[in-house]
């Protein structure tokens, strides 16, 4: 990729807005189209671009493969954890009303955490798939 | 105007699908499947399902194309030509398709307000989201709160897919 100057420069300029847009989509899922699934994919594609431009070793210094694997499980754990937290506080599984001062505040907290769990898990799975394929390029 | 857009998009979908079936160059096929996903996303926008269109465009036209290109880097660009003609499967598919089209004559009008599917929980979700959940986006309210258990299942499916990829493709 060293000869492709235009690709390198434009890619470098694009990675930060892509990641920012991914975070925007994640946290504004309540107010517009968006949510965890879309945000996880967009956030991952920012890192894909990084990996394609700068090479896999540099990407793996930022996002080690072990960390990405843990993120996959962390997302599901966060989601189920919100449900269990609701049970500990006395309500049914995944009943968000009890998570805040008022039921509406509890719903907001519940939805935010749950979508975050979804986003983290989807991001982890996309990066895992990318690393799995890319590792085979290097070896093959 | 709406009908024209619908017909145009569906016709482009059919042309893209035919081209995907008939091409042997896998790079062109991957690009065309990205275009197919983008056309499907446009159809979803025409149907007013913006969240779904967003997800389809991001996953289908974005990440899927990238991962398929990564696969092509490993397996090569040319597909083997098929060894036998597929006349019997084609006949089965055509008969099934015609039977399905015949079945749609019994369905209620598309999108009418008094369809049975709009009578049970949909009015409850639409009327009570503002007071019970307090978020403006009803799709997120249904996905994350009213039907949160189903979304937990979806995330578990994504997790299982990730585990499957790790089991099949890790080099160690």
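Chains as they are written, first to last, in this note's numbering: chain A, 1 to 140; chain B, 141 to 312. Ideal Cβ placement from N, Cα and C applies to all residues, glycine included.
In this structure, the straight-line span from the alpha carbon of residue 43(A) to that of residue 125(A) is close to 12 Å. In its chain, beyond the 5 residues on either side, no residue has a beta carbon closer than 8 Å to the beta carbon of residue 262(B). Within the same chain, and ignoring the five residues on either side of residue 12(A) in sequence, the residues whose Cβ sits closer than 8 Å to its Cβ are 53.
Contact note: residue 289(B) reaches chain A through 83, 93, 94, using a C-beta cutoff of 9 Å and chain order. Between the alpha carbons of residue 193(B) and residue 264(B) lies a gap of roughly 24 Å. The stretch 83–103 of chain A makes no contact with the stretch 157–177 of chain B; the number of CB pairs closer than 8 Å stays below 3.
Looking at the backbone, the Cα of residue 258(B) and that of residue 109(A) are separated by about 29 Å. With contacts defined as CB atoms closer than 8 Å, residue 197(B) and residue 178(B) qualify as a contacting pair.
Any Cβ of chain A closer than 8 Å to the Cβ of residue 302(B) would place that residue at the interface, and such an atom is present. Of the residues assessed, residue 131(A) falls on the buried side of the cut-off, its CB having 16 or more other CB atoms within 10 angstroms. A straight-line Cα-Cα distance of about 29 Å links residue 294(B) and residue 253(B). Interface with chain B (8 Å Cβ-Cβ cutoff): residue 33(A) is included. In the assembly as shown, residue 199(B) is a buried residue. Its beta-carbon has 16 or more other beta-carbons within 10 Å. Looking at the DSSP output, residue 165(B) shares a beta bridge with 218(B).
Collapsing the DSSP output to three states places residue 65(A) in a helix. Taking 8 Å as the Cβ-Cβ cut-off, the stretch 107–140 of chain A approaches chain B at 107, 108, 110, 111, 114, 115, 117, 118, 121, 122, 124, 125, 126, 128, 129, 130, 132, 133, 134, 135, 136, 137, 139, 140, given in chain order. In this structure, residue 127(A) sits away from residue 27(A), with a CB-CB distance that is not shorter than 8 Å.
In the DSSP annotation of this structure, residue 31(A) is not part of any alpha helix (DSSP H), being labelled neither H nor E. Neighbours of residue 188(B) in chain A, taken as residues whose beta carbon is under 7 Å from its own, are absent, since the nearest beta carbon is some 11 Å off. Distance check between residue 156(B) and each of 281(B), 180(B), 272(B), 275(B) places 180(B) closest, using alpha-carbon atoms only. Residue 277(B) reaches chain A at 29, 30, 31, 32, counting residues in chain order whose Cβ is nearer than 7 Å. In the DSSP assignment, residue 229(B) falls within the unbroken alpha helix (DSSP H) covering 227–243.
Closest in alpha carbon position to residue 45(A), among 59(A), 81(A), 3(A), is 59(A).
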